[in-house]
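> Pasting in a structure now, in structure tokens, and then I'll have a few things to ask.
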Amino acid sequence: MIAIYHENNNVVQVEVDAKPITFSQNNIARTLFEMSELYPNSLLIWCHIDLKPNLNLAGMDTVFHHNKIMVSYNPIDETFLSEAIGYCELSSFIKINKKVSYPSWLVSSFAGGIHTSVLNTLKDSLSTSGSFDYFLNSLAKLAMPEGLLCYSEPQLLTGFPRKIATSKKNIFVLFRFVKQHYKIQWIFLLFLNLFLYERKIPVLPFVFSLFYVRRKLSENILDEIEVSSKEQVTGGKIDVIIPTIGRKDYLYNVLQDLKIQTSLPSKVIIVEQNPNPLSISELDYLTCENWPFSIEHIFTHQTGACNARNLALKEIKSEWVFMADDDIRLEKYFLEKALEQIKLYGIKAATFNCFQKNEKLIYKKIFQWPTFGSGCSIVKHQFIKNMQFNMKFEFGFGEDADFGMQLRNQGVDVIYFPKPEVLHLKAPIGGFRTKPVLPWHNDKIQPKPSPTVMLYDQLHLSKQQIKGYKTILFFKFYKLQTIKNPIRYFLNFKMQWKQSEYWANELKNKK
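This is the structure in structure tokens:
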């Protein structure tokens, strides 16, 4: 293990296996690459010298259980990049829960680590000029979509000093970072949002940022780094949950696919919904045919995907749960291959590529998924025993993403796998079947966005992210509605946004 200690943006000490060694330069990023060349198959740790007594070296093997992991921890509230970065990114990676291991590319120079094989692979693609914090955040932002798993990890430190030197936030650095790591329109939106919501007019930072070129990594650059987790993933038994309503034939095909799996599920939990109070089950084949797994059939007159999945979650007995839909198709090796991938990465939650026929594959990498798929995911049961799909999202949008955030706030990351695949048929008898009348449907001023979307934003996004979303929605919605007078549209949009906030708060306070 290599440990590089730094202060005031300079290297002050380097240790290899707890023994001090000489180093040739003060630049921290260049020292990282220098050590990586000398020790190409080693874990490399960086740490502020004031935090050396707090560095949890004994716990590093647990944290770095395979080579494609980068972690850091910032023990204070201030971040290197201003909170205004939220104006430019709406993902779940910005608002960090520091109490748990949390996925984020926002990396800190206070303490962190990475495998030297990753640094050697990226050496020719990264610039070492500028501050160490800028280098780290740039590395993580570029490499995360390529499959580097990046986390804020509280296990890195055991306590920390009350006073520790921090760098001042620099708006020039923020604009430069946005220009180098996002599409060019984002610096214009950042400028606009800072003016609208903070009454700032950062002309010089905006102009200077135009002279920087966007950074990119070569495609598949990290593919040669093998992943083989040391994390023990126990158990191979899996239960399947399927909510269904009015899709008898489609559900039958799903069961047939499960029937021929090379790794059979232990139990399939089917929650059949029919709003007709006089109705009975139409799924006669559940009892008329023989199945190589047990089937638990729940029949309810209460409709809604959240309620149906919650009923099913209570009946899980196996170590793993596959959350499925009633209109998917699976290859016979799906469960076997899915569990192999989960064990290879040593993870607790995975979402698999769910595609429609003739749909082009967009996401080809294994990487950290910013949301969650409730019809194509496998999760370790022990982490969802006390979880539910939030009923405040019933018949709206956002219950999947909210469930994913509940997982992340427990320290469970969601990893996306392009293979094995789930074919989603998008059955024609889709939707909610009997369309529910939501409380705001008859309002004269219709809420925009949907109150459940606003609820998700209020629960899980930063203030800057919500305001940034408001600006984007304002421009996107203009061409989709009938009011073409800009002033009238602005006033109407303002009222719609307030209406959405009102109903989101009503949902939040609903018992």
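In the UniProt record's numbering, the protein residues as written are 1 to 511.
Ideal Cβ placement from N, Cα and C applies to all residues, glycine included.
Predicted model only: the values in this text are computed from it and were never measured.
C306 lies in the alpha helix (DSSP H); which residues open and close that run?
The sequence position of residue 306 within the sequence shown is 306, counting from 1. Start and end: 305-313.
> What do you get for D223, buried or exposed, if any count of 16 or more other CB atoms within 10 angstroms of its CB means buried?
Counting from 1 along the sequence shown, the entry for residue 223 is found at position 223. The residue in question, D223, is exposed, as its Cβ has fewer than 16 Cβ neighbours within 10 Å.
> Applying the criterion that 16 or more other CB atoms from any shown protein chain within 10 Å of the CB defines a buried residue, is A312 buried or exposed?
In the sequence shown, counting from the first residue as 1, residue 312 sits at position 312. Per the 10 Å Cβ criterion, buried.
> Should I384 be labelled buried (16 or more other beta-carbon atoms within 10 Å of its own) or exposed?
As a working note, residue 384 is residue 384 in the sequence shown. Per the 10 Å Cβ criterion, buried.
> Taking the alpha-carbon of V63 as reference, which of P154, P243, L139, V240 has the nearest alpha-carbon?
For the purposes of this step, residue 63 is taken as the residue at position 63 of the sequence shown. Comparing Cα positions, the closest option is P154.
> Residue ranges of each alpha helix (DSSP H) run of no fewer than 4 residues wholly in the region 328-405, ordered along the chain?
334-345, all fully within the region 328-405.
> Less than 9 angstroms between the beta carbons of L57 and M144, yes or no?
Position 57 of the sequence shown holds residue 57. Position 144 of the sequence shown holds residue 144. It is not a contact, given that the beta carbons lie outside the stated cut-off.
> Would you mind giving the Cβ-Cβ distance between G346 and H115, rounded to the nearest angstrom? I have them listed as a contact below 8 angstroms.
Locating residue 346 in the sequence shown gives position 346, where the first residue counts as 1. Locating residue 115 in the sequence shown gives position 115, where the first residue counts as 1. So it is not a contact: roughly 15 angstroms between Cβ atoms.
> How about N350 and S318: do their beta carbons lie closer than 9 angstroms?
Here residue 350 corresponds to residue number 350 of the sequence shown, with the count starting at 1. Here residue 318 corresponds to residue number 318 of the sequence shown, with the count starting at 1. The question names Asn, but residue 350 in the sequence shown is Ala. No, they are not a contact pair.
> Taking the alpha-carbon positions, what's the I260 to W291 distance?
Within the sequence shown, the letter at position 260 stands for residue 260. Within the sequence shown, the letter at position 291 stands for residue 291. For I260 and W291, the distance between alpha carbons rounds to 10 angstroms.
> When the distance is taken between beta carbons, is K123 closer than 9 angstroms to S36?
Locating residue 36 in the sequence shown gives position 36, where the first residue counts as 1. Locating residue 123 in the sequence shown gives position 123, where the first residue counts as 1. In contact: S36 and K123 (Cβ atoms closer than 9 angstroms).
> Out of G468, L491, H48, state which residue places its alpha-carbon closest to the alpha-carbon of T166.
By 1-based counting over the sequence shown, the position of residue 166 is 166. Comparing Cα positions, the closest option is H48.
> Under 9 angstroms between the Cβ atoms of I69 and L194?
For the purposes of this step, residue 69 is taken as residue 69 along the sequence shown, with counting starting at 1. For the purposes of this step, residue 194 is taken as residue 194 along the sequence shown, with counting starting at 1. No, Cβ-Cβ distance for I69 and L194 is not below 9 angstroms.
> Is K267 helix, strand or coil by DSSP?
Here residue 267 corresponds to residue number 267 of the sequence shown, with the count starting at 1. K267: strand per DSSP, three-state reduction.
> Going by the beta-carbon positions, is the gap between L174 and A84 smaller than 9 angstroms?
The residue labelled residue 174 in the question sits at position 174 within the sequence shown. The residue labelled residue 84 in the question sits at position 84 within the sequence shown. Yes, they are a contact pair.
> Using the Cβ count rule (16 or more neighbours within 10 Å means buried), how would you classify L330?
Within the sequence shown, numbered from 1, the residue matching residue 330 stands at position 330. Label assigned to L330: buried.
> Is it the case that the Cβ atoms of T111 and I171 are separated by a distance below 9 angstroms?
Mapped onto the sequence shown, residue 111 falls at position 111. Mapped onto the sequence shown, residue 171 falls at position 171. Note on residue identity: the sequence assigns Ala, not Thr, to residue 111. Not closer than 9 angstroms, so no.
> What number of angstroms, rounded off, separates the C-alpha of E340 from the C-alpha of M454?
The count along the sequence shown starts at 1 and reaches residue 340 at position 340. The count along the sequence shown starts at 1 and reaches residue 454 at position 454. Those two C-alpha atoms are separated by around 37 angstroms.
> What does the alpha-carbon distance come out to for the pair E15 and Y73?
Your numbering for residue 15 matches position 15 in the sequence shown. Your numbering for residue 73 matches position 73 in the sequence shown. Roughly 20 angstroms separates the two Cα atoms.
> Between the alpha carbons of T234 and S104, how many angstroms are there, rounded?
Here residue 234 refers to the residue found at position 234 when the sequence shown is read from its first residue. Here residue 104 refers to the residue found at position 104 when the sequence shown is read from its first residue. Using only the alpha carbons, I get a separation of about 26 angstroms.
> Which of the three DSSP states, helix, strand or coil, is assigned to S152?
Position 152 of the sequence shown holds residue 152. It is a strand residue.
> Per DSSP, what kind of secondary structure is Y416 in: helix, strand or coil?
Position 416 of the sequence shown holds residue 416. DSSP places Y416 in strand when its eight states are reduced to three.
> Under a Cβ-count criterion, where at least 16 other Cβ atoms within 10 Å of its own Cβ denotes burial, should T287 be classed as buried or exposed?
For the purposes of this step, residue 287 is taken as residue 287 along the sequence shown, with counting starting at 1. Under this definition T287 is an exposed residue.
> Going along the chain, which residues of its own chain have a beta-carbon closer than 8 angstroms to the beta-carbon of W440, five neighbours each way excluded?
The count along the sequence shown starts at 1 and reaches residue 440 at position 440. Here the set comprises Q446, P447, P451, Q499, W503.
> Looking only at its chain, what residues have a beta carbon closer than 6 angstroms to the beta carbon of G430, apart from the 5 residues adjacent to it on each side?
Within the sequence shown, numbered from 1, the residue matching residue 430 stands at position 430. Here G430 scores only 48 on pLDDT, less than 50, and its place in the model is too uncertain to base an answer on.
> Have a look at Q464, I76, N8, P40 and flag the residue whose alpha-carbon is nearest the alpha-carbon of F160.
Taking the first residue of the sequence shown as 1, we reach residue 160 at position 160. Closest by alpha carbon: I76.
> For A3, report the span of its beta strand (DSSP E) as first-last.
Locating residue 3 in the sequence shown gives position 3, where the first residue counts as 1. 2-7 is the span of the beta strand (DSSP E), which, as asked, contains A3.
> Does DSSP classify H48 as helix, strand or coil?
To locate residue 48, count along the sequence shown from 1; it is residue 48. Strand, per DSSP.
> Which word fits V437, buried or exposed, when buried means at least 16 other C-beta atoms lie within 10 angstroms of its C-beta?
Walking along the sequence shown from the start, residue 437 turns up at place 437. Burial call: exposed.
> From the DSSP output, which residues share a beta bridge with W320?
As a first step, residue 320 must be located in the sequence shown, where it is residue number 320. Answer by DSSP bridge pairing, in chain order: I238, K380.
> Judging by CA-CA distance, which residue of I298, K348, Y285, N67 is the nearest neighbour of E226?
On the sequence shown, residue 226 is found 226 positions in, with the first residue counted as 1. Looking at the Cα atoms, N67 is the closest of the given residues.
> Throw me the rounded Cβ distance for the L81 and L106 pair, which I believe falls under 8 angstroms.
Translated into positions along the sequence shown, residue 81 becomes position 81. Translated into positions along the sequence shown, residue 106 becomes position 106. Right, their Cβ atoms sit about 7 angstroms apart.
> Buried or exposed: where does S228 fall if 16 or more other Cβ atoms within 10 Å of its Cβ makes it buried?
As a working note, residue 228 is residue 228 in the sequence shown. Flag for S228 reads exposed.
> Indicate whether the contact test is met: 3 or more Cβ pairs, each with one atom in the region 303-312 and one in the region 241-260, closer than 8 angstroms.
The region 303-312 is in contact with the region 241-260.
> On the DSSP letters alone, give me the boundaries of the alpha helix (DSSP H) that F135 sits inside.
By one-based count along the sequence shown, residue 135 stands at place 135. Run containing F135: 132-143, per the alpha helix (DSSP H) assignment.
> Tell me where the beta strand (DSSP E) around V227 begins and ends.
Walking along the sequence shown from the start, residue 227 turns up at place 227. Note, V227: premise wrong, no beta strand (DSSP E); not H, not E.
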